[in-house]
Amino acid sequence: MARAKVARKSTSIDMTAMCDVSFLLLTYFILSATAKEPDPLDVKLPSSTYKLKVPEKDISILTIGTGKVFFETAGPDVRAATLDKMAEQYKISFTPEERKRFSVIGSFGVPIQNLKKFIAMDGGERKKSGLETGIPADSLNNQLSDWILNARKSVAELHSEGMRVSIKGDAAEEYKTVKKIVDILQKQKINKFSLITTAEGGK
Amino acid sequence: MAELDTSSGGGKKGGKVRSKKSSTKVDLTAMVDLAFLLITFFMLTTTLSKPQAMDIAKPDKDEKNDQKLELRASQTMTILLGKNNKVAWYMGEAGKSAPEIQNFSQIRQTILDNKKKVKESTGKDIVMVIKPTDGANYKNFVDIMDELLITGIKTAPAIDDENILDNEKAFMKQQGIL
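If you read the protein sequences in the order shown, they are chains B and L. Counting from 18, one number per residue, gives the positions in the first sequence under this note's numbering. Counting from -15, one number per residue, gives the positions in the second sequence under this note's numbering.
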């Protein structure tokens, strides 16, 4: 009797569909990943075992290092609205072009008087210009307090949410400087805020 | 590479000479490998690069509201943060018990010991008062808050950087950590 022939099948699998799917996912992840904005103020964060994630919306981040304070608020719409309010308060007018440019600037640390000049520069020049002297935060000229207050108002108007404040402090910064900033927050009745830390391994 | 020759080997008998058709199939295995590697990379970096946050609540500072909560001396442990990464701690009231100077590596054990002691003697949880002084740096403050989390202190710590008592200051000056 003749042996039954087993049909030999090809071992190659059609990878086209799999390739399609994986590139679709790849494209999605690349696009959804937000480009990391370079921090103008280089801070070394202290580490902790806290595992709370920092929200991405409705938040302002104060970066503290070498005695200077930099301010950043999340979202281009909030940034533009905050700038409008600041402009009104300090009697400085910004053109729509300047508003647009400002809304993509992340963390900045210039007094509002120099802000116009600062906006006009491009990324590389900003760092070199020496304009970034930190936002004035003393009792006579407390622009930081105004920035925070106006950002809170903008967040409340645009998103009807309470804004969170996070502090990103350099590990070696004196507690005195941090306390000064915290006191400004507490004057506005912000008694709860978060400190941004890096994750500590283990435990 | 990924394809085996499975043709049955016949076809030589036919008289016609056929022009050899090269396969139009491209081996996509390597490409898929690469794509998945990149997917993994982007997935992990987007979720892992998020910084961690520590929530801090400070007592309300209202000029009009001058109420002060008294803490029971038997269940209070005060930690003073000084310079050179040193801390001073004492139990109960200031001045009645001599503070002790410690490093950050030792304080965890101390907190655990005191927590146990307070629980045994009063049946209540320990209350922590953290007093960062001007000599301390930001890292010390974060570290001590972290120690409280690690040691499992459930009650919210009182962070008091306003009322650093004179005898506390005097002691820290004497020990050279202020």
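Each residue gets a CB set at the ideal place from its N, CA and C atoms; glycine is no exception. Quick caveat: nothing in here was measured; it's all calculated off a predicted structure.
With a threshold of 16 other CB atoms inside 10 Å of the CB of residue i, please say whether the residue is buried or exposed.
i: L/Pro176; result: What is shown of chain L runs -15 to 162, which leaves residue 176 of chain L out entirely.
i: L/Pro83; result: buried
i: B/Gly126; result: buried
i: L/Ser7; result: exposed
i: B/Thr44; result: exposed
i: B/Gly147; result: exposed
i: B/Gly82; result: buried
i: L/Asp109; result: exposed
i: B/Gly141; result: exposed
i: B/Asp37; result: exposed
i: L/Lys157; result: exposed
i: B/Glu105; result: exposed
i: B/Pro113; result: exposed
i: B/Thr150; result: exposed
i: B/Val23; result: exposed
i: B/Lys134; result: exposed
For residue i, which three-state DSSP category applies?
i: L/Gly(-6); result: Model confidence at L/Gly(-6) stands at a pLDDT of 49, short of 50, so the residue's coordinates are unreliable; what they give is reported in the following sentence. Coil at L/Gly(-6), not helix or strand.
i: B/Glu142; result: helix
i: L/Glu131; result: helix
i: B/Lys22; result: coil
i: L/Leu149; result: coil
i: B/Pro93; result: helix
i: B/Asp187; result: coil
i: L/Thr24; result: helix
i: L/Tyr74; result: strand
i: B/Glu149; result: coil
i: B/Leu41; result: helix
i: L/Asn69; result: coil
i: L/Lys123; result: helix
i: L/Ser81; result: strand
i: B/Ser65; result: strand
i: B/Thr182; result: The displayed chain sequence assigns Val, not Thr, to residue 182 of chain B. Residue state, collapsed to three classes: strand.
i: B/Gly219; result: Residue confidence for B/Gly219 is low, a pLDDT of 43 falling below 50, so the modelled location carries little weight; the figure read from the coordinates is stated next. The answer is coil: DSSP assigns B/Gly219 none of H, G, I, E or B.
i: B/Lys70; result: strand
i: L/Val16; result: helix
Any heavy atom of the ligand NAP within a distance shorter than 7 Å of the CB on residue i?
i: B/Thr99; result: Questions concerning the ligand NAP fall outside what the structure shown contains, since it holds no ligand whatsoever.
What span of residues does the alpha helix (DSSP H) with residue i cover, start to end?
i: B/Val195; result: 192 to 204
i: B/Gln130; result: 129 to 137
i: B/Phe119; result: 113 to 119
i: L/Asn98; result: 88 to 106
i: B/Ala173; result: 160 to 176
Per DSSP, which one or two residues make a beta bridge with residue i?
i: B/Met35; result: According to DSSP, which records beta bridges pairwise, B/Met35 is partnered with nothing at all.
i: L/Thr171; result: Nothing about residue 171 of chain L can be reported from this structure: the residues present for chain L run from -15 to 162 only.
i: L/Asp144; result: L/Asp144 pairs with nothing; no bridge assigned.
i: L/Lys157; result: Looking at the DSSP assignment, L/Lys157 forms no beta bridge with any residue, so it has no partner.
Grab the span of the beta strand (DSSP E) containing residue i for me, first residue to last.
i: L/Ser6; result: Where L/Ser6 is concerned, there is no enclosing beta strand (DSSP E), given that its DSSP letter is neither H nor E.
i: L/Pro116; result: 111 to 116
i: B/Thr215; result: 209 to 216
i: B/Ser156; result: Run containing B/Ser156: none; DSSP gives neither H nor E here.
i: B/Ser77; result: 76 to 82
i: L/Ile40; result: 36 to 41
Chain D beta carbons: is any one of them nearer than 8 Å to that of residue i?
i: L/Pro141; result: No chain D appears in this structure, whose protein chains are B and L.
For the stretch 154 to 186 of chain B, enumerate the residues whose C-beta is nearer than 7 Å to any C-beta of chain L, in chain order.
Ser183, Gly186
Selection of the stretch 105 to 139 of chain L by Cβ proximity to chain B, strictly under 9 Å
Pro116, Thr117, Asp118, Gly119, Ala120, Asn121, Tyr122, Lys123, Asn124, Phe125, Val126, Asp127, Met129, Asp130, Leu133, Ile134
Name, going along the chain, the residues of the stretch 13 to 32 of chain L whose beta-carbon falls closer than 8 Å to a beta-carbon of chain B.
Thr13, Met15, Val16, Ala19, Phe20, Leu22, Ile23, Phe26, Met27, Thr29, Thr30
Along the stretch 93 to 104 of chain L, where does the CB come closer than 9 Å to a CB of chain B? Name the residues.
none
Residues of the stretch 143 to 156 of chain L whose Cβ lies closer than 7 Å to any Cβ of chain B, in chain order
Asp145
Against chain B: residues of the stretch 58 to 78 of chain L by CB proximity under 8 Å
Leu65
What are the residues of the stretch 29 to 40 of chain B that lie near chain L, defined by any Cβ-Cβ distance shorter than 7 Å?
Ser29, Met32, Thr33, Met35, Cys36, Ser39, Phe40
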